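Student: Following this message is one structure expressed as structure tokens.
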């Protein structure tokens, strides 16, 4: 009789050795080449001096005590009416005027944020919080 030949009897095996060799060579090339790659960022930093002083005429100092009273020079404002009063006062100042804020350290965080928000809404962006050394 005729013997039937099974063509699918031998299961071919995938030879991954050449693939692994190529990957290891590529990894070695990458490991050697990576330290030589450098990035250059061109950053222009502003010039400044440590002893530059701001003219006191260009500074507005705002103080807030523990009871929530807000003082600007010799005038006193209440916590609730400060945004409206400061909006009217702000029209007489240049928007580039530096503002120094002094507040009692025991004040609630939300009161300080309310004060800073009112100053920001009036159009001032140069605001500094003054602390004791």
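In the working numbering, the protein residues as written are 372 to 504. We treat Cβ as the ideally placed atom computed from N, Cα and C, and that holds for glycine. Note that the coordinates shown come from a computational prediction; the quantities given were computed from them, not determined experimentally.
1. Among residues of its own chain, excluding the 5 on either side of residue 483, which ones have a beta-carbon nearer than 6 Å to its beta-carbon?
2. What is the C-beta distance between residue 443 and residue 431, in whole angstroms, given that I count them as a contact (C-beta under 8 Å)?
3. Can you tell which of 502, 403 and 457 has the C-alpha that lies nearest to the C-alpha of residue 486?
4. Checking 7 Å against the spacing of the C-beta atoms, do residue 454 and residue 489 come in under that value?
5. By the DSSP assignment, the alpha helix (DSSP H) with residue 431 in it spans what residues?
6. On the DSSP letters alone, give me the boundaries of the beta strand (DSSP E) that residue 482 sits inside.
Tutor: So, to answer that:
1. 474
2. 7 Å
3. 457
4. yes
5. It is not in any alpha helix (DSSP H) - residue 431 instead sits in the beta strand (DSSP E) that spans 430 to 435.
6. Run containing residue 482: none in the beta strand (DSSP E); it sits in the alpha helix (DSSP H), 480 to 492.
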